[in-house]
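Have a look at the structure below, then the notes.
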Amino acid sequence: MSSFLEVFYFDTDELMHIACAVLALTLAFTLLGQVPANLFMLMFFLNLVTVGLGVVLHELAHKFVAIRYGAFARFIAWPAGLALMIIMAAMHFPLLIAAPGAVYIFTPLGKKEYGIVSVAGPLTNIALSLIFAAAMFPVAALTSAMPGISTYLMLLLASGAQINAWLAVFNMLPIPPLDGSKVLPWDGKVYAGVIVFALLLVFIIVPLLAGSAQLLFG
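According to the numbering used here, the sequence shown is numbered sequentially starting from 4.
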């Protein structure tokens, strides 16, 4: 275990921060959905896979790209932000402020390096969104053979595609401390390309792929 942590630049304290952030985000999104009690654990699991995976890989992308530039970086959870998320979700606020924490870089980097480190997170969410969306086709093809399992998997994949697309859009907003506030000063063309593609994912690509999968195999 210790060799694994050393190879991937983790310590047990950072892993605890990541676990707390993922569980808090998952709980918040599940509460926000106002699902019936008998479906709560199912939706918790779906959100754990979609939201949890999206947030963890987003933050790890920041961390590993920063390390690639020789920086020391680690994820630190924000307890107040985690508590605020859960409270807002429990009170059914229409907008959830997702502020679980962030990857802190303790080594000075240039504007270009900060921009590349920052855009790595949203690009990871875009990649995940496309993977989830593409996976809907083989799963939809199983509808006739395994209708029950296929329905749950389609729900998970559609949710994963849409949530990760939204995570990319949200994080690309040019508002500190979001990623967009560091990407835009570095390269406006990269910024425009990423946020436009993320918006296309949310409003056109993911709905179109989901509808096509259902139409072809539903």
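In this text, a Cβ means the ideal position worked out from N, Cα and C, and glycines have one as well.
Residue i versus the options, residue with shortest Cα-Cα distance
| i | options | result |
| --- | --- | --- |
| Val199 | Ala105, Ala171, Leu145, Leu63 | Ala171 |
| Lys192 | Leu30, Val59, Met175 | Met175 |
| Pro180 | Val38, Ala83, Ala76, Ala102 | Ala102 |
| His61 | Ile108, Phe109, Met44, Ser121 | Ser121 |
| Lys115 | Trp189, Phe173, Ala92 | Trp189 |
| Ala213 | Leu45, Lys185, Leu131, Ala137 | Ala137 |
| Asp182 | Phe75, Asn128, Ala74, Leu42 | Asn128 |
Reduced DSSP secondary structure (H/G/I, E/B, other) of residue i
| i | result |
| --- | --- |
| Ile119 | helix |
| Ala74 | coil |
| Val38 | coil |
| Ile178 | coil |
| Tyr12 | coil |
| Gly104 | strand |
| Ala213 | helix |
| Ala161 | helix |
| Ile83 | It should be noted that the sequence gives Ala, not Ile, for residue 83. Note: Ala83 maps to helix in three-state DSSP. |
| Met149 | coil |
| His20 | helix |
| Thr29 | helix |
Cβ-based burial, residue i [other Cβ within 10 Å; buried from 16]
| i | result |
| --- | --- |
| Ile21 | buried |
| Asn50 | buried |
Beta-carbon proximity of residue i to residue j, cut-off 8 Å
| i | j | result |
| --- | --- | --- |
| Gly124 | Val52 | no |
| Ala31 | Ala105 | no |
| Tyr117 | Ile79 | no |
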